[in-house]
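Read through the structure below, which is laid out as structure tokens, and then see the notes.
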Amino acid sequence: MERSIAVNYPAAIPVGHVVELTRFADPRPERKRRGVGDSQAYTVPVLHDLDTGIRYMNHAHASIGGNGGNSFVANRYPFEPLAELEAAEVWRGRVLACTLVMVEGLENQHTVLRLAPLEEDAR
603 MERSIAVNYP
613 AAIPVGHVVE
623 LTRFADPRPE
633 RKRRGVGDSQ
643 AYTVPVLHDL
653 DTGIRYMNHA
663 HASIGGNGGN
673 SFVANRYPFE
683 PLAELEAAEV
693 WRGRVLACTL
703 VMVEGLENQH
713 TVLRLAPLEE
723 DAR
């Protein structure tokens, strides 16, 4: 079944590429899970373009406390999400459509992808 995925960062992944989508577990106790926490790793998935090897992440996947750092200084983010993040779902699909939208008030681009499951995953 096709899936639409929205992420709050730019991820220009070409149509036809295979991506691995990783969603992370919400570490909050069950009784405290009201609303969606801002800038938390569990609120948005990581996308890994398996054709190019490029991984697309939000700063919350790469820095403790979700700190985005100073935008005027280059941050030395890791190449993979933080090891302490617990994966809740890992799914692979092929990109059917990709749209990037500039969100002017945030001075950032958001991405929407339509993905089809890989044949071996669809069985």
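Sequential numbering of the sequence shown, starting at 603, is according to my numbering. Glycine included, every Cβ here is placed at the ideal spot set by N, Cα and C. None of these values were measured; they are calculated from a predicted model.
Nearest-angstrom Cβ-Cβ length linking residue i and residue j, presumed shorter than 8 angstroms
| i | j | result |
| --- | --- | --- |
| N660 | Y611 | 5 angstroms |
| E604 | L698 | 7 angstroms |
| F626 | L687 | 5 angstroms |
Assigned exposure category for residue i - 16 Cβ within 10 Å defines buried
| i | result |
| --- | --- |
| T713 | buried |
| T624 | buried |
| R725 | Confidence is the limiting factor: at R725 the pLDDT is only 49, short of 50, which leaves the residue's position unreliable and the question unanswerable from this model. |
| V646 | buried |
| A608 | exposed |
| N710 | exposed |
Nearest candidate by alpha-carbon position, reference residue i, set the options
| i | options | result |
| --- | --- | --- |
| V648 | L720, V621, R605 and P629 | V621 |
| R696 | A608, F626, V646 and D653 | D653 |
| F681 | A664, R694 and G618 | A664 |
| P683 | M704, R657 and V675 | R657 |
| L720 | V705, I615, H619 and I607 | H619 |
| G655 | I615, W693, V692 and Q711 | I615 |
| V617 | C700, G707 and V705 | C700 |
| V692 | P629, H650 and A685 | H650 |
Cβ-Cβ distance between residue i and residue j below 8 angstroms
| i | j | result |
| --- | --- | --- |
| A662 | A643 | yes |
Under the three-state DSSP convention, the category residue i falls into
| i | result |
| --- | --- |
| T645 | helix |
| E604 | coil |
| A662 | helix |
| E706 | helix |
| E721 | helix |
| D651 | strand |
| L684 | coil |
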